[in-house]
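Chemist:
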Amino acid sequence: MQSDEPTVNPSQPPHSPSRLRAIRSFVLREGRLTSAQERAFAELWPRFGLDWRADQQLDFADLFDNARPVVLEIGFGNGESLAQMAAQDPERNWLGIEVHRPGVGHLLLEIERLGLTNLRVIRHDAVEVLTHSIPASSLDAVQLFFPDPWPKRKHHKRRILSPELVGLLSRTIRPGGIFHAATDWEPYAEQMLEILESARETFVNTAGPGHYAPRPESRPLTKFEQRGERLGHPVHDLVYRRL
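Take 14 as the starting number for the sequence shown in the working numbering and just add one per residue.
#1: Write down the C-beta distance between isoleucine 87 and valine 155 rounded to the nearest angstrom, noting that I regard them as a contact closer than 8 Å.
#2: Using the Cα positions of histidine 168 and glutamate 111, report the straight-line distance between them to the nearest angstrom.
#3: Confirm, please, whether the CB-CB distance from serine 94 to proline 188 is below 8 Å.
#4: Please tell me whether proline 229 and valine 252 are closer than 8 Å, where the distance is taken between their beta carbons.
#5: For histidine 224, count neighbouring Cβ atoms within 10 angstroms of its own Cβ and tell me buried if that reaches 16, exposed if not.
#6: Given a cut-off of 8 Å on the beta-carbon distance, is the pair glycine 116 and asparagine 91 in contact?
#7: Tell me which same chain residues have a C-beta within less than 8 Å of the C-beta of alanine 202, skipping the five on either side of it?
#8: From arginine 181 to aspartate 138, what does the alpha carbon distance come to, in whole angstroms?
#9: Are the beta-carbon atoms of phenylalanine 216 and arginine 254 separated by less than 8 Å?
#10: Pull up the distance between the alpha-carbon of glutamate 238 and that of aspartate 78, whole angstroms please.
#11: So, for alanine 74: in the same chain, excluding its five sequence neighbours on each side, which residues have a beta-carbon less than 7 Å away from its beta-carbon?
#12: Excluding the five sequence neighbours on either side, which residues of its own chain have a C-beta within less than 8 Å of the C-beta of lysine 236, listed in chain order?
#13: Could you compute how far the alpha carbon of valine 142 sits from the alpha carbon of leucine 178?
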């Protein structure tokens with residue numbers, strides 16, 4: 014029997030009015046796709062993209078055809094650093110979530126260029142994916158690099174890292190797994206640290222209580238990060254282990 018839950022078309026906005034959360038951490042500002050990105054959606058999405066359904070949990074062993082650990086990245090931007098990490102770490106599987114079409118199209122092209130087989134893509138709201146689609150204790154790690162800082166005070170409620178998100182991470186990351194966040198916005202880093210330090214029943218700070226972590230070599234130094242450092246925006250990494 015056909016499910017009443019809608020399937021998300023990757024070429025359309027990644028939500029419908031019936032499923033809107035009260036507050037979202039993103040606003041879609043869709044740029045035009047290049048001809049190469051259009052081709053990526055037509056030819057590569059069927060191989061590497063996942064059409065999200067609210068009523069269907071992901072089976073990672075079936076999805077990747079192996080039982081290797083899975084790393085999830087929330088909001089991968091143009092996907093270049095995610096593709097680089099997947100290429101450098103073929104012993105793990107990688108799943109990227111992003112809402113913006115040009116970024117998804119760019120990552121699909123990177124997957125093709127690098128010949129990757131261990132990377133899949135979802136175009137949808139990461140909070141809904143974590144809530145409905147990720148089995149408990151199934152993730153080896155979750156990454157959240159340079160999320161929108163929503164600098165205006167009235168928009169702070171839109172910041173994706175919240176106690177509610179930490180609760181979802183606690184459910185979906187396996188014991189011993191890692192949550193790694195990074196931001197170049199100092200006030201957001203302080204808020205991230207406060208939220209994560211308050212979750213001591215489920216997460217421990219690998220750098221010690223109240224401390225930021227040095228950038229792990231596994232996280233590529235992005236052009237965005239280099240530009241931020243030139244502007245005087247030092248990057249703060251936060252690395253927590255699931256208890």
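Note that the Cβ used here is the ideal one computed from N, Cα and C, for glycine as well.
Modeler: With the structure as the only source:
#1: 7 Å
#2: Residue confidence is low: histidine 168 scores 46 on pLDDT, short of 50, so the model does not pin down where it sits. No coordinate-derived value is stated.
#3: no
#4: yes
#5: exposed
#6: yes
#7: Thr196, Tyr225, His249 and Leu251
#8: It is worth fixing the name first, because residue 181 is leucine in this sequence and not arginine. Approximately 14 Å, taken between the alpha carbons.
#9: yes
#10: 34 Å
#11: Ala80
#12: none
#13: 11 Å
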